[in-house]
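Chains as they are written, first to last, in this note's numbering: chain R, 59 to 408; chain D, 0 to 270. Step one of this worksheet: look at the structure below.
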Amino acid sequence: MTLTLTDITTTYEDFTLGPLSLVVDNEVLAVLGPSGSGKTTILSSVAGIVQPDTGSIYLNERSLIDCPIEHRDIGVVFQDGALFPHMTAYENIAYAATTPEHIDKYTTLLDIAQILDRKPAALSGGERQRVALARTLAADPSALLLDEPLSSLDTPIRRRLRGDLRALFQTLDIPVIYVTHDQQTATALGDRLAIVQAGMIKQIGTPQMIRNAPNSAFVARFTGNENLFTATVTDHNEHGAIIRIGEQTVQTTVTWTGDDCVTASIHPARIQVGSQSMNDLTDPSHSFTGTVVQQLTEGSMTRVTIAVQTADIALTATVHPPMTHQLSLIPDETVEITFSSTAVHLFARE
Amino acid sequence: MPPSQTNTTSKLSSLQRDWLSIALSLGGVLLLYYSIPLVSLLLSVQPTTIFAELANPAVQRAIVTSVFGASLSTFLATVLGLPLAYWLARRKTIWQQVTLGFVVLPLVLPPTVSGVVLLTVIGPTTLLGDVASVSGISLTRSLAGVVLAQTFVASPFVVVTAKAAIERVDETLEHASRALGKSRLQTTHKITLPLAGPGILAGVTLAFARAMGEFGATMMLAYYPRTMPVQIWVSFVSAGVERAYPVAIILLAVALISLIVLHTIAHNPWT
């Protein structure tokens, strides 16, 4: 199956989506963007809840424009599950199921057999989403759309359900569009990411590709890169552009032809602190001395902010065990940081 | 708990009690204004008088006309009002506001004015009245007239209450149902109506109670056959207020039964 959106524009209330084009094969496309960026409008346009002003939507050879919601054969999992409150979990699934076998199959697969006699009000957030997913899949859709189904769940439940969803998606052989504002969920579930801002797709690619080569400061920032600095392109050589950040000169591997005033970014995961090992560190590399400003523990990972006086910037790096225990990352401690030239990206100033 | 915190909590609790006492005192005046006349009416008539009045053929005919007419007009109000309520609940346009204005108009019109308004359309000298008369149907001074008058004044209760009930049903549930392959009709039948059901039934009950009590428009359109409110008025002007009491008590009993039904079904078992 292939879901193809071509030059879609949709006006919904005061918001205009697109024009945007997407091709989703039998894969999970995670649409990632901030609130109000148009993620849900993309789903609503595909599902038929809102009618696009222009463009075409095809599921294989079948046009979905002007096709009523009920004939699109597209399953939708809504943000809060949208379970029918007057029906039990079983009745919700049976309402949608095309065959009785589907009820058994998806209640087993989603591990909800023990809660089937409960009404939605008696279910937890995670259970509600499992039932909603079973209900949608029981209708045997040809494509699946999910609108931030994990956003209202507590972190441990979200983490567990994320793992279950990943396993489930691998068993499905249909196009899946998963909308979220959560970068971790998007990268965990998406075979590809589409980064959306103000109704437009800014970048589309694999999570690794987007992390390693964001095409704009917005994409870099929204995919977890908080190291964005004002820089000036001062020269070019055979490796790429040479930039100046404060008093510091940095070699990059970027071929830059735009304005000399740029935004430079270095992803926190690509900065080495102390003697932390790093696989992608290749020459030419840069070493700075800095002072620890702050450290934040996020699960097993530690996020360290280091002030680099010579560049007049503060860089954030992520440190993982066992380095977390080996380094002294207390405030005012002097540390060495290193990053590869390939880790530096340049964007036109916004 | 520290003494200062205990004092603060105690003061807040005391203030709340004081305010509730004032609210109850003011509301109590209104409550007495409702209940005292009702109790007074009940005490003013012997049960034997009520039973004797129930044996009066004119009263029996009035009861039958009222119950049959109110049932028919409630049925019409429901069948025609529910689709309108659905449209009003789900479409947010300028026409929705204009339409809603027309719907609530009969609620604010004096009943006699409603009767006059209807007479300009279905009265004996109008085109519709003539066409109906040629077909052997009288739209005034007939059960049809009673039903038309009752429908005019009672149907807004169905539309307005059902609209509010349907609006409370999250539209996402309808989208979810349709995305599961169910048609609009199946979705309305299986999702919207069951969820809005208690609210819709409340509106239907209110419409029935309003139709039972309809007097002004009915007087203008159909003095005959007499409904119970018309019978009360006839008894009052022809034989004095005492003769009106028993029929009023019978009508009161019907209204109370309607209220009990309303209270029972208005509880939404899913919330």
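Glycine included, each C-beta is placed from N, C-alpha and C at the ideal position. Quantities reported herein were computed from a predicted structural model and do not represent experimental measurements.
In the structure shown, P36(D) falls within a helical segment according to DSSP collapsed to helix, strand and coil.
In the DSSP assignment, M59(R) falls outside any alpha helix (DSSP H) and carries neither an H nor an E. In the structure shown, the three-state DSSP call for E159(R) is helix. Only residues of its own chain outside the window of five on either side were considered, and among them R140 have a CB closer than 7 Å to the CB of Y223(D), listed in chain order. The Cβ-Cβ distance between P126(R) and I66(R) does not fall below 8 Å. The DSSP-derived three-state label of M381(R) is helix. With respect to chain R, the C-beta atom of H188(D) has no partner C-beta closer than 8 Å. Under DSSP, R120(R) shares a beta bridge with L117(R).
For V234(R), the pairing in a beta bridge is given by DSSP as V86(R), L202(R).
If you draw a straight line from the Cα of V115(D) to the Cα of I62(D), it is about 25 Å long. Using beta-carbon distances, A105(R) counts as an interface residue toward chain D, with a partner under 8 Å.
With a contact defined as Cβ atoms closer than 8 Å, A147(R) and L181(R) qualify at about 7 Å. Nearest to S358(R) by alpha-carbon distance, out of F397(R), Q137(R), T382(R), is T382(R). Under a 10 Å Cβ-count criterion, A153(D) is classified as buried, with 16 or more other Cβ atoms of the shown protein chains found around its own Cβ.
The count of Cβ pairs closer than 8 Å, one atom from the segment 134 to 148 of chain D and one from the segment 64 to 75 of chain D, reaches three, so the stretches are in contact. For S182(D), the residues of chain R that pass the 7 Å Cβ criterion are E128, in the order they occur in the chain.
Any Cβ of chain D closer than 8 Å to the Cβ of V108(R) would place that residue at the interface, and such an atom is absent. Counting only the Cα atoms, P228(D) lies some 9 Å from G215(D). Nothing from the segment 363 to 392 of chain R brings a Cβ to less than 9 Å from some Cβ of chain D.
Taking a beta-carbon distance threshold of 8 Å, T171(D) counts as an interface residue toward chain R. Given a length threshold of 4 residues, each whole run of the alpha helix (DSSP H) inside the segment 123 to 187 of chain D is given here in chain order: 126 to 133, 142 to 166, 170 to 178, 183 to 186.
Listed along chain R are H144, each with a C-beta nearer than 8 Å to that of P193(D). Annotation: Cβ neighbours of V134(R) in chain D (cutoff 8 Å, chain order): H174, A175, A178.
With 16 or more neighbouring CB atoms inside 10 Å of its own CB, A178(D) falls in the buried class. In chain order, L179 make up the part of chain D whose C-beta sits under 7 Å from the C-beta of A154(R). For V134(R), same chain residues with a beta-carbon under 6 Å away, outside a window of 5 residues either side, are A105, L203 in chain order.
Scanning G180(D), T124(D), V157(D), L104(D) for the CA closest to the CA of Y85(D) turns up V157(D). The segment 28 to 45 of chain D makes no contact with the segment 198 to 208 of chain D; the number of CB pairs closer than 8 Å stays below 3.
Relative to G180(D), the option among A155(R), N295(R), I324(R), P265(R) whose CA is nearest is A155(R). Annotated as distal: A201(R) and I303(R), with beta-carbon spacing of 8 Å or more.
Beta-bridge partners assigned by DSSP to Q306(R): I303(R). When the beta-carbon positions are compared, L387(R) and I329(R) stay at least 8 Å from each other.
DSSP places G133(R) within a strand segment (E or B) once states are collapsed to three. Contact between R216(R) and L247(R) is absent: CB atoms are separated by about 11 Å, not below the 8 Å threshold. Q261(R) has I253(R) as its beta-bridge partners, per DSSP.
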